[in-house]
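All remarks here apply to the structure that follows.
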Amino acid sequence: MAKVYATPGVYIEEKSAFPNSAVPVATAVPAFIGYTEKAIRGKKPLKNVPTRISSYNDYLLLFGGAPKATYTLKEVATGAPKDVRYTLEPKDNRFILHSCMKMFFANGGTDCYIVSVGTYDEAKKVDGQALMDGIEPLKKEPEPTMLVIPEAVIDREQYAPILGAMLLHCGQVMRNRVAIFDVLDGDYVPGPGKERTTKEIIKKFRDDVGTNHLQWAAAYYPWLEMTAVSSNDLNFKNFSNIGAVDGIVDFEDNPNAGQSNQPAKILAADKVTAQKAAFEAPDGGTLIRLLDLNLNLEFQDGLVSLARAEEIKAELKKVPTVAEDDVNTLHQTLLAISPAYKAALNDLKKTINVLPPSAIMAGIYSMVDNSVGVFQSPANVSVGSVVEPVVSLTNEEQEDLNMPLTGKAVNAIRTFPGKGVLVWGARTLDGNSQDWRYISVRRTVIFIEQSIKYAAEAYVFQPNVSATWTNLRALITNFLTNVWQQGALAGATPEDAFSVDVGLGTTMTAVDILDGIMRITVKIAVTRPAEFIVITFQQQMQKS
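All residue numbers for the sequence shown refer to the working numbering, where the first residue is 7 and numbers rise by one.
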């Protein structure tokens, strides 16, 4: 209503010259759920509280560092009395969120949310139900666009329910984010004489994932050997029973050892040669790296005196009580005198650094979104801080991963000569759908839907008349024109790329208006990746 002027004077009126605009929502904001060293900001506990961070330093400040990785050296009977063989077995369930977050930021990750479901000390092991409970608080957070639970692969019994809970959250409850899955036993290396094959592992995953809401998730295989943990982070305290293992530092008394002019002779067990390293999975589950130690029974010149060797063995017997000041000294001594110890540490580093790829892929999604756009497929992209995939895939092996009859595509991560390790797949688990086959299409549509949704909220309770319809049509058209110019929509002109309809007789009836409903129809032609490039060559007749 126009203001009634009653007092003489000059009055100023301002009128808006431009309509409202739609602000693009963020697309690269994953939410991670898992266990942390701590969960506190000041005096405020952060357990099961979605917390936004922007860097690895933020993570360390609020959630702490890595857990103490403890493995058991278990002797394997070989039948040969002079052949000692060991396996590396984790003493407890592995907490891997810290290492995964380190690799997330190393691969381009930026802003994200962390939901800590407990600390290492209070949990002791990964509990799948606690991970599922961590999804609930994210219902109140509209910003996350990805859901990642790397530790879902640790609790084998709860793995399938966790996948189902993630799909339900993304595809039915929120509908504004996608899930990134890891394949259970993706670190198992098939081969001659092995109990399982890649096809069997993938089949089990497809059975676990079910059939509902598949367009809202993408899966990646295999696991990757990364560089999250360095050699400097490991020592003998990472082995729970190193003092009880023969062959790390062992010796045989020499009749001349007591003479001052005769160097001690050490049995080859502490000069042992790690002749080979073999892969074996005795339990059919997680791949365990084996050390095959060939013991040379001949005396060799010792690097330390016989008495010093006795002292070292005594120290190893009481590993838990070794003073921190003495840890590095003993560690360096063992490295100098025991090739077996050095081989065990190298193998431990390799084992600890094998990680599921979901958090790494979340970082790559973020990097691609920030450098190109959400419409660009996160594929044909190098993986950073990687050594190699645990399983080397061929073209033939990827065929079943990429185009199964069920449509449940699993994206491969492969090594290519001269190119390194590349993400070589861009599909959702709904590979048979023409609409939602590609993860970039699913995420682009989410981006457009959410951006327009938040912009349209300004018109709630406005008069449902042509003036409002015109304003909304202009707002959406301007936004989609910008999206088209960025390359997310296909078409030579904006008219070819999208259309926006709203009005009585076109999208609404008189009954809709009486019921307070305004209906808007938006059609978009989202760009799709060129997954298969076919070049045809044909010879022609000479023309001149």
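Here a beta-carbon is modelled for each residue, glycine too, at the ideal position from N, C-alpha and C.
Computed from a predicted model, the values in this text were never measured in an experiment.
Query: Per-residue burial, Phe111 [other beta carbons within 10 Å of its own, 16 or more giving buried]; Result: buried
Query: Beta strand (DSSP E) segments (min. 3 residues) lying fully within the stretch 362–396; Result: 392–395
Query: Span separating the alpha-carbon of Arg534 from that of Val380; Result: 12 Å
Query: For Ala350 and Ala275, the rounded distance between their alpha carbons; Result: Confidence at Ala275 is low in this model, with a pLDDT of 34, below 50, so the placement of that residue should be treated as unreliable; the coordinate-derived value is given next. Going from the Cα of Ala275 to the Cα of Ala350 covers about 14 Å.
Query: Unbroken beta strand (DSSP E) run spanning Ala415, endpoints; Result: Element bounds for Ala415: n/a, residue is neither H nor E.
Query: Endpoints, the alpha helix (DSSP H) within which Val451 is located; Result: 445–462
Query: Inter-stretch contact (C-beta, 8 Å, three-pair minimum) for the stretch 210–221 and the stretch 372–386; Result: no
Query: Beta-carbon proximity of Leu173 to Ala223, cut-off 8 Å; Result: yes
Query: Nearest neighbour of Val35, chosen from Asn470, Asp117, Ile458 [CA to CA]; Result: Asp117
Query: Beta bridge counterpart(s) of Ser122 as assigned by DSSP; Result: Gly40, Lys53
Query: The stretch 468–485 touching the stretch 22–35, judged by at least three CB pairs closer than 8 Å; Result: yes
Query: Option nearest Val471 by Cα separation, candidates Ala496, Gln456, Ile523, Ile541; Result: Ile523
Query: Helix, strand or coil at Val235 according to DSSP, with G and I counted as helix; Result: coil
Query: Within 8 Å, strictly: CB atoms of Val195 and Val397; Result: yes
Query: Extent of the continuous alpha helix (DSSP H) to which Trp490 belongs; Result: 472–492
Query: Run of the beta strand (DSSP E) containing Ile526, from where it starts to where it stops; Result: 526–530
Query: Unbroken beta strand (DSSP E) run spanning Ala185, endpoints; Result: 184–188
Query: Phe69 (DSSP reduced to helix, strand or coil); Result: helix
Query: Alpha helix (DSSP H) segment containing Met109, residue limits; Result: 103–112
Query: Which of helix, strand or coil DSSP assigns to Glu19; Result: coil
Query: Delimiting residues of the alpha helix (DSSP H) encompassing Met172; Result: 165–174
Query: Same chain, Cβ closer than 6 Å to Pro261, neighbours up to 5 away in sequence not counted; Result: Reliability of the predicted coordinates at Pro261 is poor, the pLDDT of 43 falling under 50, and the value obtained from them is presented with this limitation in mind. Contacts found: none.
Query: Local Cβ density within 10 Å of Ala461, reported as buried at 16 or more and exposed below that; Result: buried
Query: Range covered by the beta strand (DSSP E) that runs through Tyr227; Result: 223–227
Query: Own chain, CB closer than 8 Å to Asp441, minus 5 neighbours either side, in chain order; Result: Gln221, Val447
Query: Thr512 in three-state terms, based on DSSP; Result: coil
Query: C-alpha distance - Val388 paired with Arg420, whole-angstrom precision; Result: Looking at the sequence shown, residue 388 is not Val but Ser. The alpha-carbon atoms of Ser388 and Arg420 are separated by roughly 10 Å.
Query: Span of the alpha helix (DSSP H), counted from its first residue to its last, around Gly177; Result: Looking at the DSSP string, Gly177 is not in any alpha helix (DSSP H), and its letter there is neither H nor E.
Query: Presumed contact (8 Å Cβ cut-off) between Ala365 and Pro156, rounded CB distance; Result: 5 Å
Query: Alpha-carbon spacing of Met409 relative to Ser439, whole angstroms; Result: 12 Å
Query: Straight-line Cα distance separating Ile530 from Ser505; Result: 7 Å
Query: Under 8 Å between C-beta atoms of Pro362 and Gly192; Result: yes
Query: Span separating the alpha-carbon of Trp229 from that of Ile208; Result: 13 Å
Query: Nearest candidate by alpha-carbon position, reference Gly134, set Met109, Arg58, Asn99, Met373; Result: Asn99
Query: Minimum C-alpha distance to Met152 - residue among Ile39, Phe422, Ile160; Result: Ile39
Query: Under 8 Å between C-beta atoms of Ala45 and Ser122; Result: yes
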